[in-house]
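S.K.:
Residue numbers (full-length UniProt numbering): 1 to 390.
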């Protein structure tokens, strides 16, 4: 009867669990504790540790003058329990159970899977509205925003450019996702900073809606907030605290460099199949450099490297580049090559060599006076100092 009662109580408790969702860690632990308790109670019922027969065996042993220690009798009494404990432990540590625990999805992954299924069931619905609904429930995430934006972009591909523009004007995905990013403070999270697949579709969507000014203002506002934090922060602290603050700041600056790089990319690959322009891309880079010089501290290296790759081997795929812009960009290489945020100190020698190669490529592909001298000098220098890591 006792085992049956335990079984029915367990069944009534587990029936309250949602059958279609994985158990949370707390629920899994509660179920495990209940099963363990039930198992031990049944074990104690079958092999009681305080049974009278066992006690009589102990008394008989002492009555016969045996000097065997009581621990031997105790070991015999608990041998069944110890064996059962060992068996139970082997079950609980089974790799199959460990695999099941390792594959348990988090709440964020669960919400993401549900949202993906919802979008597949209703492909015609506004995907950004789904993100906003999750935000109201406190269940939105950067991964969900990326999913919703990707779903919207996929819905545009079969449409003609005129219909694409109409659809974009109706939904405004770039503006709405950007507002969500700011309103939820998700732009300050590592999930956003390090999500390299999110920058390009987000910036592309914002620029496509003629809202590029929002992104530049974002950089300026963030600069003001950083200055305010500096006033309240490291100037009144020890050097160690100040260095820690600066390290965190450099770590957080990465998104700025990635944002600027993507802005430059939108000039090289503009929306709606418009004509790409190296001159516009260079102007965008110079604007970011002006902000950097004004105290915005934008890592310029990602955008600079992108432009070198575009200007040198592929410049003939674009309209003719302006020579004055080209020369100005070449003159800035040594500056932006060392502005890589958190990596400013590490690998500085390697970056100097990389900057030398960038300069050599720019000289080799100059639109009016190409010259191989810098390239030959770089190869000679590398051979002389034996830069084996290259």
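Note that CB positions come from ideal geometry on N, CA and C, so glycine has one too.
Can you list, in chain order, the stretches of the alpha helix (DSSP H) that have 4 or more residues and sit fully within the stretch 139-226?
M.R.: 142-156, 161-171, 173-183, 190-193 and 196-208
S.K.: Assuming residue 361 and residue 308 form a contact by the criterion Cβ under 8 Å, report the distance between their Cβ atoms to the nearest whole angstrom.
M.R.: Between residue 308 and residue 361 the Cβ distance is about 6 Å, and since that is below 8 Å, they are a contact.
S.K.: State yes or no: is the C-beta of residue 146 within less than 7 Å of the C-beta of residue 193?
M.R.: no
S.K.: Report yes if the CB atom of residue 258 is closer than 7 Å to the CB atom of residue 214, and no otherwise.
M.R.: No. Outside cutoff.
S.K.: Within its chain, find whatever has a CB closer than 7 Å to the CB of residue 334; leave out the 5 residues flanking it on each side and keep chain order.
M.R.: 355
S.K.: Report the rounded CA-to-CA distance for residue 175 versus residue 124, giving the unit in angstroms.
M.R.: 20 Å
S.K.: For residue 378, name the three-state secondary structure that DSSP assigns.
M.R.: helix
S.K.: Let me make sure I understand the geometry here. Which of 363, 367, 381 and 139 has the alpha-carbon closest to that of residue 373?
M.R.: Answer by Cα proximity: 363.
S.K.: Can you have a look at residue 261 and say buried or exposed, based on whether 16 or more other CB atoms are within 10 angstroms of its CB?
M.R.: buried
S.K.: Between residue 130 and residue 115, is the Cβ-Cβ spacing less than 7 Å?
M.R.: yes
S.K.: To the nearest angstrom, how far is the alpha carbon of residue 190 from that of residue 272?
M.R.: 31 Å
S.K.: DSSP on residue 383, reduced to helix/strand/coil?
M.R.: helix
S.K.: For residue 207, is the classification buried or exposed, using 16 other Cβ atoms within 10 angstroms of its Cβ as the cut-off for buried?
M.R.: Taking all protein chains shown into account, residue 207 has 16 or more neighbouring C-beta atoms within 10 Å of its C-beta and is therefore buried.
S.K.: In its own chain, which residues sit with a C-beta less than 6 Å from the C-beta of residue 141, not counting the 5 before and 5 after it?
M.R.: 108
S.K.: Consult DSSP for residue 322 and reduce its assignment to one of helix, strand or coil.
M.R.: Three-state DSSP puts residue 322 in coil, outside helix and strand.
S.K.: Excluding the 5 residues preceding and the 5 following residue 119 in the sequence, name in chain order all residues of the same chain whose CB lies nearer than 8 Å to its CB.
M.R.: 125, 127, 130, 147, 148 and 151
S.K.: Assign residue 284 to one of three DSSP states: helix, strand, or coil.
M.R.: helix
S.K.: Suppose you measure from the CA of residue 34 to the CA of residue 28; what does that come to, to the nearest Å?
M.R.: 10 Å
S.K.: Could you tell me which of 197, 331, 111 and 143 sits nearest to residue 137, measuring between CA atoms?
M.R.: 111
S.K.: Under 7 Å between the Cβ atoms of residue 268 and residue 281?
M.R.: For residue 268 and residue 281, yes; Cβs fall inside 7 Å.
S.K.: Assign residue 135 to one of three DSSP states: helix, strand, or coil.
M.R.: helix
S.K.: How about residue 276 and residue 318: are their beta carbons less than 7 Å apart?
M.R.: Yes. Within cutoff.
S.K.: Residue 276 by DSSP, collapsed to three states: which one?
M.R.: coil
S.K.: Assign residue 108 to one of three DSSP states: helix, strand, or coil.
M.R.: helix
S.K.: Identify which residue in 367, 359 and 365 has its Cα closest to the Cα of residue 379.
M.R.: The shortest CA-to-CA distance from residue 379 to any of 367, 359 and 365 is the one to 359.
S.K.: Using only the alpha-carbon positions, how far apart do residue 41 and residue 32 sit?
M.R.: Computed Cα separation, rounded: 14 Å.
S.K.: Relative to the C-alpha of residue 170, which candidate in 203, 209 and 139 has its C-alpha closest?
M.R.: Taking each of 203, 209 and 139 in turn and checking the Cα distance to residue 170, the smallest one comes out for 209.
S.K.: When you compare each of 365, 353 and 366 to residue 377 by their alpha carbons, which one comes out closest?
M.R.: Nearest C-alpha to residue 377: 353.
S.K.: Can you tell which of 197, 202 and 256 has its C-alpha closest to the C-alpha of residue 188?
M.R.: 256
S.K.: With C-beta atoms as the reference, is residue 300 less than 7 Å away from residue 336?
M.R.: yes
S.K.: Can you tell me whether residue 179 is buried or exposed, with buried defined as 16 or more other CB within 10 angstroms of its CB?
M.R.: exposed
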